[in-house]
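Numbering of the sequence shown is given in this note's numbering, commencing with residue 4 and proceeding in unit increments. Quick reminder that beta carbons are idealized off the backbone N, C-alpha and C, glycines included. What follows is a single structure, written as structure tokens, with notes after it.
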Amino acid sequence: MMSLAQAQCEACRADAPHVSEEELATLIKQIPDWNIEVRDGHMELERVFLFRTFRHALAFTNAVGALAEEVGHHPALLTEWGKVTVTWWSHEMKGLHRNDFIMAARTDVAAQAAEGRK
Numbered sequence: 004m005m006s007l008a009q010a011q012c013e014a015c016r017a018d019a020p021h022v023s024e025e026e027l028a029t030l031i032k033q034i035p036d037w038n039i040e041v042r043d044g045h046m047e048l049e050r051v052f053l054f055r056t057f058r059h060a061l062a063f064t065n066a067v068g069a070l071a072e073e074v075g076h077h078p079a080l081l082t083e084w085g086k087v088t089v090t091w092w093s094h095e096m097k098g099l100h101r102n103d104f105i106m107a108a109r110t111d112v113a114a115q116a117a118e119g120r121k
């Protein structure tokens, strides 16, 4: 079975279907460190990553930004000293799409790579 991080993102429009409750239950199990937050009436995926220094946090932020640019799907990124909060949701459709889970999984891979560089 292909990992979620290796899955391909698909083009997402404002009228794209949100993940179903069944899909949500399956997908969230593959990214267990992520939380579902409800903001402005829609669900978002969020995770806080901790780092030893601001420099490490900034490098991770830049790595996530590069991943986002590759697929044209962008998260909210809050970079602080030793901490980065990453929030994924599909802005146009105001909710969660499978792409958000794929990108969360790719963010986890980037975090593992960042751990190896510390």
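Of the listed residues the options, nearest to residue i (C-alpha basis)
{"i": "residue 93", "options": "112, 103, 33", "result": "103"}
{"i": "residue 51", "options": "98, 32, 91", "result": "91"}
{"i": "residue 6", "options": "18, 34, 26", "result": "34"}
Residues sharing a beta bridge with residue i, DSSP
{"i": "residue 38", "result": "49"}
{"i": "residue 90", "result": "49, 79"}
Which of helix, strand or coil DSSP assigns to residue i
{"i": "residue 110", "result": "helix"}
{"i": "residue 98", "result": "strand"}
{"i": "residue 54", "result": "coil"}
{"i": "residue 3", "result": "What the structure shows of the chain is the stretch from 4 to 121, and residue 3 is not part of that stretch, so it cannot be assessed."}
{"i": "residue 13", "result": "coil"}
{"i": "residue 59", "result": "helix"}
{"i": "residue 103", "result": "helix"}
{"i": "residue 28", "result": "helix"}
CA-to-CA distance, residue j to residue i, given in whole angstroms
{"i": "residue 58", "j": "residue 80", "result": "15 Å"}
{"i": "residue 101", "j": "residue 25", "result": "12 Å"}
Range covered by the beta strand (DSSP E) that runs through residue i
{"i": "residue 79", "result": "79-83"}
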